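These notes are about the structure you will find just below.
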Amino acid sequence: MKTVRLTAAQAAIRYIAAQKNEDGETFIAGMWAIFGHGNVAGIGEALHAARDTLTTYRGHNEQSMAHAAIAYAKQLGRRRAMAVTSSIGPGATNMVTAAALAHVNRLPVLLMPGDVFANRGPDPVLQQVEDFGDGTVSANDCFRPVSRYFDRITRPEQLLTALPRAFRVMTDPADCGPVTLAFCQDVQAEAYDWPESFFDERIWRRRRPRPDENELADAIEAIRAASRPVIVAGGGVHYADACATLKAFAEKHAIPVVETQAGKSALPWDHPLNLGPVGVTGSASANAICEEADLVFGVGTRFQDFTTGSWALFRKKRRILALNVQPHDGTKHDAQALIADADVGLKLLSEGLGSWKAEAPAPALKEDWFRAADAVTEAPAVDENAHPTDMQVIGAVQRAARENTVVMCAAGTMPGELHKLWKAGRPGSYHMEYGYSCMGYEIAGGLGIKMAEPDRDVVVMVGDGSYMMMNSELATAVSMGVKITVVITDNRGFGCINRLQMGTGGAEFNNLLDHTHHVNPSHIDFVAHAASMGADARKAGSIAELETALAEARAAKGPFVVVIDTDPYPTTEAGGYWWDVAVPEVSDRQEVNAARKAYENALKERT
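This is the structure we're talking about:
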């Protein structure tokens with residue numbers, strides 16, 4: 001057996017660079033890195049040597065680098081992914097939040113934090129977390145509950161099994177998620193005689209499991225028995241490249257489709273059978289269909305509480321049929337499971353159903369909803385110098401959008417309003433991280449989207465609160481020459497949670513900046529801040545000025561930032577659904593007591 005002598009870090013990087021997807025592309029498209037003690041000498045040296053075959057990118061925060069990597073994978077439907085490396089201490093734990101985000105959203109990312117010395121010679125090493133009762137613990141154990149696969153590399157030869165397992169998880173549609181290989185820093189530098197065959201190019205094909213014959217027969221029977229079925233399209237439709245198949249299935253069998261946050265854009269917004277977004281942030285049309293459905297057919301959805309209205313939306317007598325590649329998601333709430341690839345499963349179901357059709361929904365439902373949506377997104381007739389609403393901002397961005405535009409967001413007010421109001425055209429034109437709803441994902445995510453699809457026009461919608469949490473990758477986008485358009489809506493605090501606080505009877509407290517403990521009022525100049533990082537930035541004083549700025553953004557060569565002040569209180573009143581947010585049983589506030597009574601009544605109605 002021929003061997004080659006390499007350090008463990010060199011071997012890891014060479015192996016990663018040799019792994020391809022079925023399109024012949026390197027599965028790991030690049031490595032994001034911030035070097036520190038624990039990865040600079042080992043992994044850093046290996047990445048430098050491999051810089052022509054595996055590009056290394058430098059960000060400004062480990063969490064946001066991982067967000068960029070995750071957004072890259074999401075935008076490409078998990079066909080490719082990226083890796084991220086950090087030092088052993090705070091650099092590593094900075095990535096834990098991103099790992100949780102990827103875990104919840106079933107997205108691949110390879111995390112390679114440095115770890116303490118396996119030989120324990122300089123114990124404790126700088127930044128080492130010491131567990132008084134367990135000598136094997138390090139800070140990287142924080143990754144265990146938020147990784148689909150976790151391994152600590154304490155000997156070089158462990159990579160011979162750990163790396164193939166890591167790629168198996170990242171490319172498996174059922175188990176897909178973050179992988180953490182905690183890499184002891186002394187081991188990174190150790191040499192080993194590796195089999196040359198270990199570095200042979202390998203193709204990782206997307207597995208498309210076929211359904212069990214009995215489950216398929218039962219699913220066909222369940223659909224045939226339904227008089228008012230509805231399809232709930234989730235993110236799995238996109239990951240299986242099943243949008244066209246879903247469209248054909250819905251049209252052939254006249255079944256209405258509603259979309260989750262992750263599933264939005266599976267069908268064009270104006271398709272007659274697309275009844276719109278579902279659930280807490282859903283449309284009146286979609287929720288009305290779901291309320292009356294006798295069969296809820298989930299395709300690639302994990303039935304998150306925002307989708308189901310904490311299961312109040314589906315409280316009437318109904319069956320749930322779940323087509324999902326992951327059995328855990330396919331069996332929630334006693335669902336009748338059809339475990340299969342979404343594309344394969346829909347095609348086989350359609351064959352089995354033959355010419356069977358449901359009764360198509362009345363067009364008025366959809367028409368009424370969009371009249372309500374258009375009313376809140378149109379530009380104000382008269383500029384009265386009042387702060388515009390977030391809905392009016394969305395309308396301005398919508399009017400400026402082109403066929404290749406991708407709108408993206410993650411947390412705060414905008415996810416709910418975008419889910420309700422944004423008119424998504426082709427698949428992939430709506431990128432929302434709402435599984436973890438992670439503040440700070442937005443700008444880094446926009447960078448990752450643009451890297452994944454350079455020809456797309458990427459518009460990042462971010463509130464001032466989320467921008468303040470994580471904005472440093474704007475400087476990375478500037479330095480890399482990556483053009484994204486960032487719309488910052490400044491409502492001077494956490495407007496979304498302030499409204500939730502008020503809705504549960506609470507006093508306005510600690511959310512809007514004026515309601516926090518402070519000596520001086522907040523006056524953050526977001527335009528100056530973005531400009532200081534090299535972005536082309538400006539303030540829009542009205543919706544008309546915002547539209548002018550968005551037109552100018554088309555000619556920008558790099559990141560373009562527009563800041564507009566918005567009113568923190570209005571929200572779209574049409575649509576929506578109940579969400580289970582526990583209200584205190586005992587309070588001195590009458591508003592809380594009234595909210596508690598309403599909450600208890602809602603709980604009774606749900607059961």
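Residue 187 in UniProt numbering sits at position 187 of the sequence shown; the count goes up by one each step and never skips.
Note that the Cβ used here is the ideal one computed from N, Cα and C, for glycine as well.
None of these values were measured; they are calculated from a predicted model.
Which residue wins for smallest C-alpha separation from residue i, given the options the options?
i: N188; options: S285, I16, A8; result: According to the sequence shown, residue 188 is Gln rather than Asn. Minimum Cα distance to Q188 is reached at A8.
i: P229; options: R210, D186, E201, L321; result: L321
i: residue 646; options: W578, I289, E591; result: Here the chain comprises residues numbered 1 to 607, so residue 646 is not present and cannot be evaluated.
i: A98; options: V561, S147, V129, P388; result: S147
i: G506; options: L546, A535, V581, R207; result: V581
i: residue 608; options: P570, G493, T504, D525; result: Nothing can be reported for residue 608, as the shown portion of the chain is limited to 1 through 607.
i: T413; options: G44, L500, S587, W369; result: L500
i: S138; options: E130, T85, E359; result: E130
i: A551; options: E378, M461, A401; result: A401
i: T377; options: R456, D368, P388; result: P388
i: K357; options: G495, A225, A233, C438; result: A225
i: L353; options: D23, A219, D123, Q63; result: A219
i: K539; options: V519, S522, D565; result: D565
i: A549; options: I488, N511, P361; result: I488
i: R205; options: A233, V169, P178; result: V169
i: S17; options: V258, Q63, L110; result: Residue identity differs from the one stated: residue 17 is Ala in this sequence, not Ser. Looking at the Cα atoms, L110 is the closest of the given residues.
i: V397; options: A544, A262, W311; result: A544
i: Q158; options: T308, D193, C142, D175; result: D193
i: D123; options: D390, R399, Q185; result: Q185
i: L163; options: F183, P145, R144; result: F183
Determine the DSSP secondary structure at residue i, reduced to helix, strand or coil.
i: Y15; result: helix
i: Y577; result: coil
i: R152; result: strand
i: N21; result: strand
i: D457; result: strand
i: M432; result: strand
i: I28; result: strand
i: L181; result: strand
i: L110; result: strand
i: G416; result: helix
i: I443; result: helix
i: I484; result: coil
i: W422; result: coil
i: P145; result: helix
i: V407; result: strand
i: M470; result: coil
i: P164; result: helix
i: S86; result: strand
i: L159; result: helix
i: V4; result: strand
i: T53; result: coil
i: I394; result: helix
i: P363; result: helix
i: W356; result: coil
i: R206; result: coil
i: residue 689; result: Within the shown structure, residues of the chain are numbered from 1 to 607, placing residue 689 beyond reach of any answer.
Evaluate residue i with the Cβ neighbour count: other Cβ atoms within 10 Å of its Cβ, from every protein chain shown; 16 or more gives buried, anything less gives exposed.
i: H67; result: buried
i: Q392; result: buried
i: P195; result: exposed
i: E221; result: exposed
i: G509; result: First, the residue type needs correcting, since residue 509 is Phe and not Gly in the sequence shown. Label assigned to F509: exposed.
i: T476; result: buried
i: H328; result: exposed
i: P173; result: buried
i: T161; result: exposed
i: K2; result: exposed
i: R155; result: exposed
i: L126; result: exposed
i: R191; result: A small fix is needed here, since residue 191 is Ala in this sequence, not Arg. That one is exposed.
i: R165; result: exposed
i: Q128; result: buried
i: K483; result: buried
i: I255; result: buried
i: V296; result: buried
Complete beta strand (DSSP E) runs within the UniProt domain "Thiamine pyrophosphate enzyme central" (217-346) (minimum length 3 residues, chain order):
The UniProt domain "Thiamine pyrophosphate enzyme central" (217-346) contains these whole beta strand (DSSP E) runs: 229-233, 257-259, 274-277, 295-299, 319-324, 336-339.
Inter-stretch contact (C-beta, 8 Å, three-pair minimum) for the stretch 554-562 and the stretch 408-417
No, because fewer than three Cβ pairs between the stretch 554-562 and the stretch 408-417 fall closer than 8 Å, the two stretches do not touch.
Touch check for the stretch 133-142 and the stretch 56-63: three-plus C-beta pairs under 8 Å?
No: the two stretches stay apart, fewer than three of their Cβ pairs being nearer than 8 Å.
Can you find at least 3 beta carbon pairs, one from the stretch 417-425 and one from the stretch 262-273, that sit closer than 8 Å?
Short answer: they touch.
Curious, which full-length beta strand (DSSP E) runs of at least 3 residues does the stretch 489-569 contain?
Listed in chain order, the complete beta strand (DSSP E) runs (minimum 3 residues) inside the stretch 489-569 are 536-540, 560-565.
Should the stretch 298-309 be regarded as contacting the stretch 237-246, the criterion being three or more beta carbon pairs within less than 8 Å?
Judged by pairs of C-beta atoms under 8 Å, the stretch 298-309 touches the stretch 237-246, as three or more such pairs exist.
When you compare the stretch 462-469 with the stretch 515-534, are there three or more beta-carbon pairs, one atom per stretch, that lie closer than 8 Å?
With a cut-off of 8 Å, the stretch 515-534 and the stretch 462-469 count as touching, because enough Cβ pairs lie within range.
Is there contact between the stretch 26-46 and the stretch 206-219, where contact requires at least three CB pairs shorter than 8 Å?
Verdict: no, contact absent.
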